[in-house]
Amino acid sequence: MKLGEPTLDQLRIFLAVEEEGSFGAAAKRMGRAISAISYGIAQMEAQLGVTLFEREGSRRPVLTDAGRGLLSEAQAITDRADALLAKTRSLHAGLESDLALVVDVMVPGDVIARVLRDFRAMFPTVALRLQIEGLGAVAACLIDKESQLAIGGPVIADHPDFERQAIGTVDLVPVAAPGHPLDRPDVKSGQSREHLQLILTDRSRLTQGREFSVLSPLAWRLGDLSAKHALLKEGIGWGNMPRPLVSEDVAAGRLVVLDLPEKPGANYTFSALWRRDDKPGPAASWMIDAFRESLA
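With positions in the sequence shown counted from 1, the corresponding number in this note's numbering is that position plus 4.
Written out as structure tokens, the structure reads:
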């Protein structure tokens, strides 16, 4: 037996009858005559060579075994079709089909999670690609056109190929485990140079030869902020960290904020960055505003 292909309209009729519980209710929901609903079901059954509903002895059409078996497939097909139509309407309205975003590792994790949660609810048709990078590697993603929008720090924000908007700051504070030699109120200038400093290093070459808030010649350079965090809690060295990331550790006594004469902590300024030849669309513009509000 050669099977035919049911139309998308027939699949929608099939689902409407199952969800509404009657041909009449399905007709009302779809704005059709009952005869059109019955005809659509009959045509689909003829195409597939199966009976979808038991119609005898019951006022309510009941799914057959074949009907139950095909229900999830019909739902999946109509869902994909709806997604295709929604994305097409969005494209006609000027909305991006996808957005590649790179975010500085210094941005608090709860801020990133909140913005991305709201983004998915606001723009369900926009495919989002996310990268988390540090220092110059954020800008490198834009330069190499791996990303369309960056939420980055001050390291490379003045690049001539970029447009930018300042959107917020985070405090960096010097921390160490309790009992560290620098965990004293009478630390003298220069004493920080005598102890191992943990430094977040740049994965890119954009800042090659440049150092940021480095006081000690005894330094371990790490490409991962979470690894730096873990080492600090283990009592290995001292280093600057975003205050939101270590606030719970400080409150619990796992880390202490150091009072160093050099005051190596600073405000780390975030900017939304994009290439001058790639103006942000509606979704990217929304993202910029959302990060600004969350970082305020």
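We treat Cβ as the ideally placed atom computed from N, Cα and C, and that holds for glycine.
Given the structure is predicted, the values throughout are model-derived calculations rather than measurements.
In this structure, DSSP gives PHE57 an extended state, which the three-state scheme calls strand.
Judged by DSSP secondary structure, VAL115 falls within the alpha helix (DSSP H) whose first and last residues are 113-126.
Inclusion of LEU176 and MET291 in the CB contact set at 8 Å is not warranted, their separation being larger than that value.
Secondary-structure assignment with DSSP links TYR272 through a beta bridge to VAL174. Around SER42, the same chain offers PHE27 as residues with beta carbons nearer than 8 Å, after the five sequence neighbours per side are excluded. Among the bridge pairs identified by DSSP, ASP102 is matched with ALA131. Shown here, ALA180 sits in a strand according to DSSP, grouped into three states. Between the C-alpha atoms of VAL21 and ASP122 there is a straight-line separation of about 34 Å. Around the C-beta of GLY194, fewer than 16 other C-beta atoms lie within 10 Å, and the residue is accordingly described as exposed.
As summarised for the segment 9-36, the continuous alpha helix (DSSP H) elements at least 4 residues long and confined to that stretch are 12-24, 27-34, given in chain order. For ASP114 and PRO65, the gap between their C-alpha atoms comes out near 49 Å. According to the DSSP assignment, PRO248 belongs to no beta strand (DSSP E) but to the alpha helix (DSSP H) extending over 247-256.
Beyond the five residues adjoining it in sequence on each side, VAL54 comes within less than 6 Å, by CB distance, of ALA70 in the same chain, given in chain order. Within the model, the alpha-carbon separation for LEU99 versus ARG280 is close to 19 Å. Within the DSSP bridge table, the entry for ALA50 names no partner. Nearest in C-alpha terms to GLU49, of all of LEU7, ALA87, GLN135, ALA80, is LEU7.
At least 8 Å separates the beta-carbon of PHE274 from that of VAL119. Bounds of any alpha helix (DSSP H) do not take in LEU262, whose DSSP letter is neither H nor E. About 5 Å separates the CB atoms of GLY157 and TYR272; that is less than 8 Å, so the two are in contact. Under the 8 Å Cβ criterion, the segment 232-243 does not count as touching the segment 121-135, having fewer than three qualifying pairs. Fewer than three pairs of CB atoms, one per stretch, sit closer than 8 Å, so the segment 161-174 makes no contact with the segment 222-233. For ILE292, the enclosing alpha helix (DSSP H) stretches over residues 286-299.
Here the alpha carbons of SER101 and GLN47 stand approximately 36 Å from one another. Beta-bridge partners of ALA154 (DSSP): VAL106, LEU277. The Cβ atoms of ASP282 and GLN152 lie closer than 8 Å to each other.
In this structure LEU226 touches LEU202 by the C-beta definition: roughly 6 Å separates them, less than 8 Å.
Looking at the DSSP output, ARG225 sits in a beta bridge with ILE203.
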